[in-house]
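Top to bottom, those sequences are chains A and B. Just so we're aligned: 174 in the UniProt record's numbering is position 174 of the first sequence, and the numbers increase by one with no gaps anywhere. Just so we're aligned: 28 in the UniProt record's numbering is position 28 of the second sequence, and the numbers increase by one with no gaps anywhere.
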Amino acid sequence: MIRPKYKAVVIGGSAGSFSVVSKLLSQLRSDFPLPVIICLHRLKHVRSGLVESIRLKSNLEVIEPNDKEAIVGGKVYLAPSNYHLFVEYDGTFSLSTEEPLNHSRPSIDHTLTSAAYVYRNKLIGIVLTGANKDGAKGMKDIADKKGITIIQDPKTCEMDTMPKSVARLIKPDKVLSPEEITNYLNKLAI
Amino acid sequence: MDFKQYLQVLKDNTPYDFSDYSDNSIKRRLQKVIADNDLTLDDLLKKTQCDKGFVERLVEDITVNTTELFRDPELWPVFYEKLLPTLKGKKTFNIWHAGCSSGMEVYSNLIILNELGLLDKARIYATDISAGMVRSCKKGSYRYEFNKNQIAEFEKVLKKTPINGISQIDFSKYFDIDEENDRINVKEFLRKKVDVRQHDLVQEKVPFYNKFDVIFCRNVLIYFNASLQSKIYQMFHNQLYPKGSMILGNHESLTGFYKTKFLKNGPLYTKTNAFHFKYQ
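Here it is, written out as C-alpha cells:
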C-alpha cells in the first residue's frame, strides 16, 4: 500500500480572506484529492450566504459540516457560523458552541490545533490575510507536529496582522502569494 | 492520571458521569477548568471527592452554556409556521427543553406561544444538568447588551415572516429592562409558566411522567460520543407522542438507524413508525 504523503489541507483566514479563498477554490484542480478544511471569521450577524457565495465559484463541493460528519477527500469543508469546528481522531468533525477563542467562533486556532494532532506531519496548514492573531497558535502546533506551514505573503494581504503573528511564533515553511498557494496545491505530489 | 481516569473518579464520587462525552471536547473543557482555576491535579481530585459546592461549579464550567434570546432567528418561523399549526387543535400540548442552560430559548419559545394565544394550552418543561443553570433559568435575568442585537435580528425575521399576521412584538410585555445595570429580566407570568428541574440526560431516566409533543434539544448532544447520542435519540423517541417532533441544533443530524425513525424537515425531526419501535 502506498501511504499518502498528505492527508488534509487546513486554511484559516479573516479580514480580506473571502476573495482569496473564493479564487483559490475556483482554480484548484477539480480532482484535488485531499479534504480542504476552511475556517473563516465572519461577522456575527451575517450568518448565511458565505457558503453559497463560495460554492458559486468552487471546483469542489463545498459543505458546512454537521457534527460527527465523516471527512472525505476532494471536498471543501467550511466551519459553520457560530460553531467551532474540530477534527477528531476517527476522521470525523465535531462542533462546539463553547466560548469564543480570540474573540472568534469559529476560532481558527481550535480547527488548526485539532487538525495538527490528528494529521500530524501529513497536514498542510495555511493562514491567509486577517486583522487579528487567531491561527498563530494553531500554526505552531502544526509546525510542532512537523506538518507544512504556509502563510500568505504579507505584501499581498489586505490585513497582514494574521500571517505576521504566525511568523512571529514560527518560521513558516513557505511565504506565498495567493496565486503561488494555488499553484503549490495543484502541483502537490500526494 | 489521564482525563479518563479522572472522569471515573468523578463518576464514583458524584452523581455526574461524563465518561460518554466526546473525548476531545471533555478533555478540552477539563483543561480549561484546571487552567482557569489554577488547580493542580491533586487539588482537583481532593475537591472532587469532598467538596460538593466545587463539583457543582465544575459541572457548570465543563458543560457549555451558550444560549441567546431568539438564537438562530430563522429557526422560529419553522416553529410557528410548520409545527404550531399541528398542535393548535389539541386541548393541551407539552414541550420539553432538554439541556435548557440559562433558559433564554425557553422564554423565546414562550413569547411566541403567547403571541399566538397558545400559552394557556402549553405545558413547558425545562431541564439542565447544572444546578446553577436551573437557578438561572428560574430567575430569567440576562445581560441586556448581549441580547439586544439578538432581539433586533429576530425582529427582522418577524417582519419577513409574521407570526399569524403579527410582524412586530411589544417586548415590554415580556421583559423589564434595566439598562443601567445591563439586565433584561423576564416577567413573572412567563417565569412561573415553566417547570424547571435539574436533570442529567446521561442518566437516561426521564424526569416526567407525561409524553411530549415537542422536544427542544439544541447543541447539547454534540458534546456526547456517538453511542451516547444514539441512546438519547432513543429516549427522545420513546418520550414523544406519535408525530411529536424534536428540534435539534442547526448543524446536528441523525445518522444510520435513527434516520428512519424521524422524518427530517429542516431542523425539525418528526417521529415516525412509532409502534415498530420499542425501548429495550
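Note that the Cβ used here is the ideal one computed from N, Cα and C, for glycine as well.
Proximity test, Cβ basis, 8 Å: residue i and chain A
{"i": "E252 of chain B", "result": "yes"}
{"i": "A274 of chain B", "result": "In this predicted model, A274 of chain B has a pLDDT of only 49, less than 50, meaning its place in the structure is not dependable; the value taken from the coordinates is given anyway. Closer than 8 Å: no."}
{"i": "S25 of chain B", "result": "yes"}
{"i": "V202 of chain B", "result": "no"}
{"i": "I222 of chain B", "result": "yes"}
{"i": "S22 of chain B", "result": "yes"}
{"i": "A35 of chain B", "result": "no"}
{"i": "N219 of chain B", "result": "yes"}
{"i": "residue 339 of chain B", "result": "Look at the range of chain B in this structure, 1 to 280, and you will see that residue 339 of chain B is not part of it."}
{"i": "T260 of chain B", "result": "no"}
{"i": "Q280 of chain B", "result": "Only weak support exists for where Q280 of chain B lies, its pLDDT of 41 falling under 50; the value from the coordinates is given anyway. Answer no: the Cβ-Cβ gap between Q280 of chain B and chain A never drops below 8 Å."}
{"i": "F277 of chain B", "result": "Since pLDDT at F277 of chain B reaches only 48, below the 50 mark, its modelled position is unreliable, and no value is offered."}
Distance CB(residue i)-CB(residue j) smaller than 8 Å
{"i": "Y21 of chain B", "j": "F224 of chain B", "result": "yes"}
{"i": "I95 of chain B", "j": "V214 of chain B", "result": "yes"}
{"i": "L112 of chain A", "j": "D141 of chain A", "result": "yes"}
{"i": "E68 of chain B", "j": "N147 of chain B", "result": "yes"}
{"i": "L240 of chain B", "j": "I232 of chain B", "result": "no"}
{"i": "S130 of chain B", "j": "T63 of chain B", "result": "yes"}
{"i": "D109 of chain A", "j": "G135 of chain A", "result": "yes"}
{"i": "L185 of chain A", "j": "V9 of chain A", "result": "yes"}
{"i": "A126 of chain B", "j": "H97 of chain B", "result": "yes"}
{"i": "Q150 of chain B", "j": "F70 of chain B", "result": "yes"}
{"i": "K138 of chain B", "j": "R218 of chain B", "result": "no"}
{"i": "I190 of chain A", "j": "K57 of chain A", "result": "no"}
{"i": "F154 of chain B", "j": "P267 of chain B", "result": "no"}
{"i": "E204 of chain B", "j": "M235 of chain B", "result": "yes"}
{"i": "H251 of chain B", "j": "P80 of chain A", "result": "yes"}
{"i": "V118 of chain A", "j": "M139 of chain A", "result": "no"}
{"i": "G132 of chain B", "j": "G103 of chain B", "result": "no"}
{"i": "E98 of chain A", "j": "T66 of chain B", "result": "yes"}
{"i": "R169 of chain A", "j": "G147 of chain A", "result": "Strictly speaking, residue 169 of chain A in this sequence is Leu, with Arg absent from that position. No, they are not a contact pair."}
{"i": "L119 of chain B", "j": "K193 of chain B", "result": "yes"}
{"i": "L25 of chain A", "j": "V76 of chain A", "result": "yes"}
{"i": "N121 of chain A", "j": "K145 of chain A", "result": "yes"}
{"i": "V9 of chain B", "j": "L41 of chain B", "result": "no"}
{"i": "residue 191 of chain A", "j": "P172 of chain A", "result": "For chain A, the structure presents residues 1 to 190; residue 191 of chain A sits outside this window and is missing."}
Cβ-heavy atom distance, residue i to the ligand ATP, below 7 Å
{"i": "V196 of chain B", "result": "No copy of the ligand ATP appears in this structure; indeed no ligand is present at all."}
Integer Cβ distance of residue i from residue j, believed to fall under 8 Å
{"i": "M159 of chain A", "j": "T129 of chain A", "result": "5 Å"}
{"i": "N59 of chain A", "j": "L28 of chain A", "result": "6 Å"}
{"i": "residue 192 of chain A", "j": "S230 of chain B", "result": "As displayed, chain A neither begins before 1 nor continues past 190, which places residue 192 of chain A out of reach and without an answer."}
{"i": "F175 of chain B", "j": "I184 of chain B", "result": "5 Å"}
{"i": "V51 of chain A", "j": "E64 of chain A", "result": "5 Å"}
{"i": "F262 of chain B", "j": "T270 of chain B", "result": "6 Å"}
{"i": "L30 of chain B", "j": "Y6 of chain B", "result": "7 Å"}
{"i": "I112 of chain B", "j": "W76 of chain B", "result": "6 Å"}
Cutoff 8 Å: residue i Cβ touching any chain B Cβ
{"i": "D141 of chain A", "result": "no"}
{"i": "E61 of chain A", "result": "no"}
{"i": "D67 of chain A", "result": "yes"}
{"i": "E180 of chain A", "result": "no"}
{"i": "E64 of chain A", "result": "yes"}
{"i": "G49 of chain A", "result": "no"}
Cβ contact (3+ pairs, closer than 8 Å) linking the segment 244-254 of chain B and the segment 100-112 of chain B: no
At least 3 beta-carbon pairs within less than 8 Å: the segment 23-36 of chain A vs the segment 1-10 of chain B: no
Residues, ordered as in the chain, of the segment 76-89 of chain A that lie near chain B by beta-carbon distance below 7 Å: P80, Y83, F86, E88
Interface positions of the segment 81-115 of chain B facing chain A (Cβ-Cβ less than 7 Å), listed along the chain: none
contact_flag[the segment 6-14 of chain B, the segment 82-99 of chain A] where n(CB pairs < 8 Å) is 3 or more: no
Interfacial residues, the segment 95-108 of chain A to chain B, with Cβ spacing under 8 Å: L95, S96, T97, E98, E99
The segment 48-73 of chain B: positions lying closer than 7 Å to chain A by Cβ: V64, T66
Contact residues within the segment 112-123 of chain A, judged by C-beta distance below 9 Å to chain B: S114, Y117
Cβ pair count under 8 Å reaching 3, the segment 17-26 of chain A against the segment 117-132 of chain A: yes
Residues, ordered as in the chain, of the segment 131-156 of chain B that lie near chain A by beta-carbon distance below 8 Å: N149, E153
Residues from the segment 222-245 of chain B in contact with chain A, defined by Cβ distance under 8 Å: I222, Y223, A226, Q229
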